[in-house]
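Colleague:
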Amino acid sequence: MKKQKYLFLGITFLLSFGLALFIAMSVFPNNPFSKTKIENTATSKLKDGDIIFQTSESKQCKAVRIATNSKFSHCGIIYDINGKWFVFEALQPVKLTPLEDWVKHGRDSKYVVKRLKNDSILKPEVLQKMKEYSQQFDGKEYDAYFEWTDNRIYCSELVWKIYKNAAGIELSKLRELKEFNLENPQVQKILKERYGNAIPLEEKVVAPSDLADSNLLKTVIDTY
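In short: position in the sequence shown from 1, add 4, done, that's my numbering.
Right, dumping it as structure tokens:
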């Protein structure tokens with residue numbers, strides 16, 4: 005008899021808790037219980053062709069942040085592929101990464117999404133051209149030497165070239181390597197490992213910070 009009583013009390017508690025949770029989620033749409041995946045929150049603000057930035061943790065990325073005086077060390081283009089969000093990024097190799105996975109790779113899963121202030125430029129036909137142009141880079145090796153060629157490619161170079169060559173938009177001016185902060189010991193160590201004593205100081209480069217600071221872009225999501 006006691007077992008039946010305890011079982012009845014247990015079922016009553018579960019039903020009451022479930023009802024209370026349902027009411028809380030209905031009355032408070034921002035209730036933390038309702039926040040599960042990134043798709044249920046930020047993705048409603050996304051648009052095809054947005055640019056996403058994050059802070060990566062590798063030694064090279066730390067050196068990039070120091071050299072560019074920026075918290076950003078990695079970026080990519082957000083694409084809607086068959087109704088799902090992906091980030092086209094230059095890693096090893098260049099590839100499409102599901103948005104949720106991409107976000108998790110950054111420090112504390114923080115990220116910033118930026119968009120053209122005049123986003124009416126990115127008409128469906130322009131976005132399609134960007135995606136078609138992107139395919140030539142898919143699977144290419146990551147460029148750890150930051151050369152301005154299409155043989156290998158790094159993250160901000162990928163984004164810059166897609167916008168420039170497929171949409172006709174120059175997001176930022178190119179700079180020379182020597183214009184960055186190269187005096188820091190951590191930066192010097194990476195440069196020495198990559199180039200020895202032949203550092204290509206006049207190589208044309210574009211950093212994630214150059215894109216993030218572009219006056220053509222506006223911030224639409226900032227989770228920092």
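Yeah, the Cβ is synthetic: ideal placement off N, Cα and C, and Gly gets one too.
Between Lys222 and Arg119, is the Cβ-Cβ spacing less than 7 Å?
Modeller: In the sequence shown, counting from the first residue as 1, residue 222 sits at position 218. In the sequence shown, counting from the first residue as 1, residue 119 sits at position 115. The answer is yes: Cβ separation under 7 Å.
Colleague: Taking one C-beta from the stretch 103-111 and one from the stretch 136-152 each time, how about it: are there three or more such pairs within less than 8 Å?
Modeller: The answer is no - the stretch 136-152 does not touch the stretch 103-111, with fewer than three Cβ pairs under 8 Å.
Colleague: When you compare only the Cα positions, how much space is there between Leu238 and Val116?
Modeller: This structure cannot speak to residue 238, because the chain is shown only from 5 to 228.
Colleague: Ignoring anything shorter than 4 residues or poking outside the stretch 94-169, list the alpha helix (DSSP H) runs there in chain order.
Modeller: Counting only runs of 4 or more, we get 103-108, 128-138.
Colleague: Counting Cβ pairs closer than 8 Å, one from the stretch 159-166 and one from the stretch 90-100, do we hit at least three?
Modeller: Flag = yes, the stretch 159-166 and the stretch 90-100 touch.
Colleague: Return the CA-CA distance between Ile173 and Lys51, expressed in angstroms with no decimal places.
Modeller: Residue 173 sits at position 169 when you count from the first residue of the sequence shown. Residue 51 sits at position 47 when you count from the first residue of the sequence shown. In a straight line, the C-alpha of Ile173 is about 17 Å away from that of Lys51.
Colleague: CB Val114 to CB Tyr228, shorter than 7 Å?
Modeller: For this step, residue 114 is matched to residue 110 along the sequence shown. For this step, residue 228 is matched to residue 224 along the sequence shown. Note that residue 114 is Lys in the sequence shown, not Val. Yes, Cβ-Cβ distance for Lys114 and Tyr228 is below 7 Å.
Colleague: Based on the DSSP output, what are the partners of Ile225 in its beta bridges?
Modeller: Here residue 225 corresponds to residue number 221 of the sequence shown, with the count starting at 1. Answer by DSSP bridge pairing, in chain order: Val117.
Colleague: Taking the alpha-carbon positions, what's the Gly80 to His109 distance?
Modeller: As a working note, residue 80 is residue 76 in the sequence shown. As a working note, residue 109 is residue 105 in the sequence shown. Cα to Cα, the separation comes out at about 13 Å.
Colleague: When the Cα of Asn185 is compared with those of Lys127, Asp54, Ala71, which residue comes out closest?
Modeller: As a working note, residue 185 is residue 181 in the sequence shown. Checking every option, the nearest Cα to that of Asn185 belongs to Ala71.
Colleague: Three-state secondary structure (DSSP) at Asp217?
Modeller: For the purposes of this step, residue 217 is taken as the residue at position 213 of the sequence shown. It is coil, neither helix nor strand.
Colleague: Under the assumption that Ser62 contacts Arg69 (Cβ atoms under 8 Å), give the Cβ distance between them as a whole number of angstroms.
Modeller: Working through the sequence shown from its first residue, we reach residue 62 at position 58. Working through the sequence shown from its first residue, we reach residue 69 at position 65. About 11 Å separates the two Cβ atoms, so there is no contact after all.
Colleague: On the DSSP bridge assignment, give the partners of Gly80 in chain order.
Modeller: By 1-based counting over the sequence shown, the position of residue 80 is 76. In the DSSP output, where bridge partners are listed per residue, Gly80 has Ile56.
Colleague: Distance check for Pro189 and Lys133, CA to CA, integer angstroms please.
Modeller: Numbered from its first residue, the sequence shown carries residue 133 at position 129. Numbered from its first residue, the sequence shown carries residue 189 at position 185. Distance between the alpha carbons of Lys133 and Pro189: 42 Å.
Colleague: If I follow the unbroken alpha helix (DSSP H) through Glu197, where does it start and stop?
Modeller: Within the sequence shown, numbered from 1, the residue matching residue 197 stands at position 193. Where Glu197 is concerned, the enclosing alpha helix (DSSP H) stretches over 189-199.
Colleague: Could you pull the start and end residues of the alpha helix (DSSP H) that Ala71 belongs to?
Modeller: Here residue 71 refers to the residue found at position 67 when the sequence shown is read from its first residue. Taken as a continuous stretch (DSSP letters only), the alpha helix (DSSP H) holding Ala71 covers 63-72.
Colleague: Going by beta carbon distance, what residues of the same chain come within less than 8 Å of Lys168, once the five residues before and after it are set aside?
Modeller: Along the sequence shown, read from residue 1 onward, the residue named residue 168 stands at position 164. These residues qualify, in order along the chain: Glu174, Leu175.
Colleague: Alpha carbon to alpha carbon, how far is Ala211 from Ile85? Give it in angstroms, no decimals.
Modeller: One-based indexing of the sequence shown puts residue 85 at position 81. One-based indexing of the sequence shown puts residue 211 at position 207. Spanning the two alpha carbons is a distance of roughly 26 Å.
Colleague: Mind checking Ala202: buried by the 16 CB within 10 Å criterion, or exposed?
Modeller: To locate residue 202, count along the sequence shown from 1; it is residue 198. Exposed is the call here.
Colleague: So what does DSSP say about Lys51, is it helix, strand or coil?
Modeller: If you number the sequence shown from 1, residue 51 lands on position 47. Coil, per DSSP.
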